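Protein sequence lines, in the order shown, are assigned to chains L and D. Take the position in the first sequence, starting the count at 1, then add 2; the result is the number in the numbering used here. Take the position in the second sequence, starting the count at 1, then add 188; the result is the number in the numbering used here. Beneath this line is the structure, given in structure tokens, with notes to follow.
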Amino acid sequence: AQSVAQPEDQVNVAEGNPLTVKCTYSVSGNPYLFWYVQYPNRGLQFLLKYITGDNLVKGSYGFEAEFNKSQTSFHLKKPSALVSDSALYFCAVIMDTGRRALTFGSGTRLQVQP
Amino acid sequence: KAGVTQTPRYLIKTRGQQVTLSCSPISGHRSVSWYQQTPGQGLQFLFEYFSETQRNKGNFPGRFSGRQFSNSRSEMNVSTLELGDSALYLCASSLAGYLTDTQYFGPGTRLTVL
């Protein structure tokens, strides 16, 4: 079985400050981890993924995420937040021995204040 | 390249009716997956198709069905609609459906059941 937890329903940050959106996972095999962002009335946009190799993954729009196997975490980060980053963020996992279906977290709403 | 397209974008149906949603994947992508997004249950996997064959299925009743055509376009059908079927239905395509492939999402079809 596989699951993803996003412990924060909402994260508030001031523009220009660093942001972190948290994600932890639980799988019985090796995880493949993804971050997506959803803007109002839109589908999901891919940000980045971790498959293997370097634990620090860089993605679109200045976002990055760090895979931490010991803490089973894959937190999304950005050094300097923009108002336009305000959106709903989803972490997702596929297990290396699992079916081809993303298991999503419940989502975290990021609010960046000017 | 054009992204994933879904039609129609909005649908209003009444209980007991049936509905068909359409998804056109990114050119060259052969795997298509469907997800349901609701405020209460979040994002849930419905099924995945590859080369006109259903490879994976989520935990949804048999009223939910789909198919894929030789050009990789996919349709999803829901029969005997219930109020709880109101949701955003998202289609995602990936190159070959490998676990490590990125799934690219369409804008979704918003279904409202009255």
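Backbone N, C-alpha and C fix where the C-beta goes; we use that ideal spot for every residue, glycine too. As the structure is a prediction and not an experimental result, all values here were calculated from the model.
Distance between beta carbons of L/Glu17 and L/Leu84, contact taken as under 8 angstroms = 6 angstroms
Taking the continuous beta strand (DSSP E) assigned at L/Tyr96, which residues delimit it?
-> It is Ile, not Tyr, that sits at residue 96 of chain L in the sequence shown. Unbroken beta strand (DSSP E) run through L/Ile96: 89-97.
Please name the residue, chosen from D/Leu299, D/Tyr292, D/Val220, that lies closest to D/Gln242 on a Cα-to-Cα basis.
-> D/Val220
Check the Cβ-Cβ distances between D/Asn244 and every residue of chain L, and say whether any is below 8 angstroms.
-> yes
Counting only the same chain and skipping the five closest in sequence on each side, list residues whose C-beta sits under 8 angstroms from that of L/Gln4.
-> Tyr27, Ser28, Val29, Ser30, Pro33, Val95, Ile96, Met97, Gly100, Thr105
Could you tell me which residues DSSP pairs with D/Phe233 in its beta bridges?
-> According to the DSSP secondary-structure assignment, D/Phe233 is paired through a beta bridge with D/Tyr223.
Would you mind working out which of L/Arg102, L/Ala103, L/Leu90 sits nearest L/Arg111, comparing C-alpha positions?
-> L/Leu90
Return the residue from the list D/Leu302, D/Gly246, D/Pro227 that minimises the CA-CA distance to D/Glu236.
-> D/Gly246
Extent of the continuous beta strand (DSSP E) run through D/Tyr286 | Element bounds for D/Tyr286: n/a, residue is neither H nor E.
Helix, strand or coil for L/Val85, going by three-state DSSP, please let me know.
-> For L/Val85, the secondary structure class from DSSP, reduced to helix, strand or coil, is helix.
Identify each residue in the segment 276-293 of chain D for which the Cβ-Cβ distance to at least one residue of chain L is less than 7 angstroms, and report them in chain order.
-> Leu278, Gly285, Leu287, Thr288, Thr290, Gln291, Tyr292, Phe293
CB contact check: D/Glu263 to chain L, cutoff 8 angstroms | Taking a beta-carbon distance threshold of 8 angstroms, D/Glu263 does not count as an interface residue toward chain L.
Look at D/Arg251 and D/Ser262 and say whether their C-beta atoms are less than 8 angstroms apart.
-> no
Compute the Euclidean distance between the alpha carbons of D/Gly294 and D/Arg197, then round it to the nearest angstrom.
-> 10 angstroms
Once you ignore the five residues that flank D/Tyr277 on each side, which residues in its own chain have a CB closer than 7 angstroms to its CB?
-> Leu209, Trp222, Gln224, Met264, Gly296, Thr297, Leu299
Where L/Lys51 meets chain D, residues with beta-carbon distance less than 9 angstroms | Thr288, Thr290
Taking C-alpha atoms, which residue in L/Lys24, L/Ser75, L/Lys79 lies nearest to L/Ser62?
-> When only C-alpha atoms are compared, the closest one is L/Lys79.
Under three-state DSSP, which class holds L/Tyr41?
-> coil
Could you spell out where the beta strand (DSSP E) holding L/Val23 opens and where it closes?
-> Run containing L/Val23: 21-23, per the beta strand (DSSP E) assignment.
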